[in-house]
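See structure below.
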Amino acid sequence: MIVAVGLIIAFVLVLIFSNRQTRNCRWRENRRNDRDGQRYYHCVSCGAETWGDPKHPPKVCLKPDTDSEV
1 MIVAVGLIIA
11 FVLVLIFSNR
21 QTRNCRWREN
31 RRNDRDGQRY
41 YHCVSCGAET
51 WGDPKHPPKV
61 CLKPDTDSEV
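Here it is in structure tokens:
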């Protein structure tokens with residue numbers, strides 16, 4: 001019983017503290033496209049591209065806005 005309550009608490013904590021802004025993003029770095037000391041990142045899920053900190057990939061989804069196409 002104690003184990004079941006512990007698992008439920010752990011599950012709830014993961015849901016609360018998970019970062020939902022990058023849930024589907026899978027950032028890959030490509031060092032061939034680096035510029036000015038910044039690392040090039042490409043998301044294989046949504047196709048976003050950006051340059052950023054060489055030590056850490058982006059923490060938010062930068063998905064291109066496709067709703068503007070009319």
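Just so we're aligned: 60 in UniProt numbering is position 60 of the sequence shown, and the numbers increase by one with no gaps anywhere. No residue lacks a Cβ here, since even glycine has one placed at the ideal position from N, Cα and C.
| Asked | Found |
| --- | --- |
| Leu7 to Cys61 span [Cα, whole Å] | 29 Å |
| Secondary structure of Asn47, DSSP reduced to three states | Here residue 47 is Gly; the residue named in the question, Asn, does not match the sequence. Reduced to three states, the DSSP call for Gly47 is coil. |
| CA-to-CA distance, Ile2 to Leu13, given in whole angstroms | 17 Å |
| Segment limits, alpha helix (DSSP H) that includes Gly37 | Unbroken run through Gly37: none, as it is neither H nor E. |
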